[in-house]
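What follows is a set of notes on a single structure, which appears directly below.
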Amino acid sequence: MPMTTTPDLRPRVGCGAFIRRADGHLLLVQRGRAPEQGHWGLPGGKVDWMETVENAVVREVLEETGLHVQLQRVLCIVSYFEPDLTPPEHWVAPVYLASIQGSEHAVRREPEAILAIGWFALDALPSPLTTSTLQALQHLHAQGLPASTG
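The sequence shown begins at 691 in the numbering used here and counts up by one.
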């Protein structure tokens, strides 16, 4: 009798960074892969085995954008569900407020995974946005954080 494999139906850990320039614009990347291909979202990704979430955020931002960041604090923890995928996916991802260390010049460093990168005013964000980005923006508003730094 052939063995069947059961999918690992446990939540996975991701991470994200909410990065704003001095002018208040938010850094977003356009996803080139599923899920949410074509959607705009915060830089971030998967936490590797035996890696701290904080190190993962810094690494992912550098890999995707070339930016060096310093984490300030956790903005929120987002939960993301894709029940229609095979196998279904469930992600839990802390999103950190982060400040740029050095140059604010972001570069699309992973063209196979990221279609575009840009800085956007919070009142002029592109569409569609990823689920996690929408959740982070809701938390930003709920915490009464300023929409701009200027």
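Idealized CB from N, CA, C, for every residue including glycine.
| said: Measuring alpha carbon to alpha carbon, tell me which residue in F771, E794 and H829 is nearest E726. | reply: F771
**Asked** Rounded to a whole number of angstroms, what is the C-alpha to C-alpha distance between G834 and L827?
**Response** 11 Å
Burial state of R710, where buried means 16 or more other Cβ atoms lie within 10 Å:
buried
Checklist entry - Among D713, L757 and W730, which residue has its Cα nearest to the Cα of T821? => result W730
- Task: Compare the beta carbon distance of G704 and A803 with 7 Å and say whether it is the shorter of the two.
- Result: no
>> If distances are taken between C-alpha atoms only, which option among G734, G728, R723 and E754 comes closest to V768?
In response: G734
- prompt: Is it the case that the Cβ atoms of L856 and Q760 are separated by a distance below 7 Å?
  reply: Lying before the first or after the last residue shown, residue 856 is absent from the chain, which here runs from 691 to 840.
| query | Distance, Cα to Cα, E794 vs H758? | reply | 9 Å
Quiz item: Three-state secondary structure (DSSP) at H831?
Solution: helix
Original post:
T681 and V797 look like a contact to me (Cβ under 8 Å); what is the Cβ gap, rounded to whole Å?
Top reply: No information on residue 681 is available, as it lies outside the stretch 691 to 840 that the chain covers here.
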